[in-house]
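In UniProt numbering, the protein residues as written are 1 to 259.
This is the structure:
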């Protein structure tokens, strides 16, 4: 199992190597590490900023080669989101994970606040670009979130109910997960959290949290899933606000599951 010093060693090695490549403008520490690593289990999330778009592929390949030469990599997965945006996930022999982004400067945008600039060859240009992208970002309002959720949530109540009638318990629970995710999303946004909902919900102070947790205590049988569906319906509309949609869904559940 890796220790803090292993994470620091990896960070220092990538920082030093990046500084030797002129086409790299800077390096960012992103993810939880940008605010200080949460605990000994935290992984390492880095973002390389490349000056010119046409150099991204070459820089990405150089970095991968260097990492393989200096560390024991068990597994890796490369995601190419755009021509000049790569994210590669590494799993090392000490079980540390590195998520390494290689982006062209022209595509740089902060997806979360608090990203930390480790170095920048151009006098804080990267920091300025990050701040500008955050300022221009518009997060979903509670009203928009509610409207969007109500437009489709009935589908998952219906699908879960039909699956339960067919004794397709895994399918029913997968649909129930979508309903839970909507509750989690709404609770987080209402508390000023606009990202990392799954990571934030456990520590949220909300009177609804204990009710939400109880819906995870479910067994693979008709009676249990039936009970959870009704509990989730009540919780969903307690959180998001009651209206005609609740009456409709309640009537549907009653007719399908109670008779």
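By construction, the Cβ of each residue, glycine as well, lies at the ideal position given by its N, Cα and C atoms.
Which stretch, first to last residue, makes up the beta strand (DSSP E) that contains residue i?
i           : result
residue 185 : Looking at the DSSP string, residue 185 is not in any beta strand (DSSP E); the run it does join, the alpha helix (DSSP H), is 169–190.
residue 58  : No beta strand (DSSP E) contains residue 58, which is instead part of the alpha helix (DSSP H) from 56–70.
residue 120 : 116–120
residue 282 : The shown model of the chain, from 1 to 259, leaves out residue 282, and the question about it has no answer.
residue 77  : 73–82
residue 25  : 24–30
residue 88  : 85–92
residue 48  : 44–50
residue 97  : 97–104
Below 8 Å on the Cβ atoms is my contact criterion, and I expect residue i with residue j to pass it. Report the Cβ-Cβ distance as a whole number of Å.
i           : j           : result
residue 119 : residue 19  : 7 Å
residue 159 : residue 177 : Contact doesn't hold; Cβ gap of about 12 Å is too wide.
residue 142 : residue 189 : 6 Å
residue 240 : residue 146 : 5 Å
residue 99  : residue 39  : Rounded, the Cβ-Cβ distance is 17 Å, inconsistent with contact.
Where do the N-terminal and C-terminal ends of the alpha helix (DSSP H) with residue i fall, by residue?
i           : result
residue 236 : 222–240
residue 10  : 4–19
residue 245 : 244–253
residue 162 : 142–165
residue 210 : 209–214
Give me, in chain order, the residues of the same chain whose beta-carbon lies closer than 8 Å to that of residue i; leave out the 5 immediate sequence neighbours on both sides.
i           : result
residue 17  : 63, 66
residue 37  : 4, 7
residue 124 : 117
Looking at residue j and residue i, is the spacing between their C-beta atoms short of 8 Å?
i           : j           : result
residue 50  : residue 14  : no
residue 237 : residue 227 : no
residue 90  : residue 117 : no
residue 2   : residue 95  : yes
residue 10  : residue 115 : no
residue 108 : residue 129 : yes
residue 102 : residue 60  : yes
residue 204 : residue 191 : yes
residue 52  : residue 104 : yes
Between residue i and the rest of its own chain, which residues show a CB-CB distance below 7 Å, the 5 nearest in sequence each way excluded?
i           : result
residue 26  : 49, 117, 119, 120, 121, 126
residue 249 : 154, 157, 233
residue 8   : none
residue 187 : 201, 204, 206, 208, 239
Within the same chain, show all residues whose beta-carbon is closer than 6 Å to that of residue i, passing over the 5 residues directly before and after it, in chain order.
i           : result
residue 232 : 179, 215
residue 220 : 169
residue 31  : 45
residue 172 : 160, 163, 164, 225
residue 150 : 245
residue 80  : 86
residue 77  : 89
Is any heavy atom of the ligand COA found at a distance shorter than 7 Å from the C-beta of residue i?
i           : result
residue 252 : For the ligand COA, the structure offers nothing, since it holds no ligand at all.
Measure from the C-beta of residue i to each C-beta in chain B and report whether the shortest distance is under 8 Å.
i           : result
residue 207 : Protein chains in the displayed structure number just one, and chain B is not present.
Flag this pair as touching only if the stretch 78–97 and the stretch 51–58 have three or more C-beta atom pairs under 8 Å; answer yes or no.
yes
With contact counted as at least three CB pairs below 8 Å, one residue from each stretch, are the stretch 251–259 and the stretch 189–197 in contact?
no
Can at least three beta-carbon pairs, one atom from the stretch 182–195 and one from the stretch 204–224, be found at a separation below 8 Å?
yes
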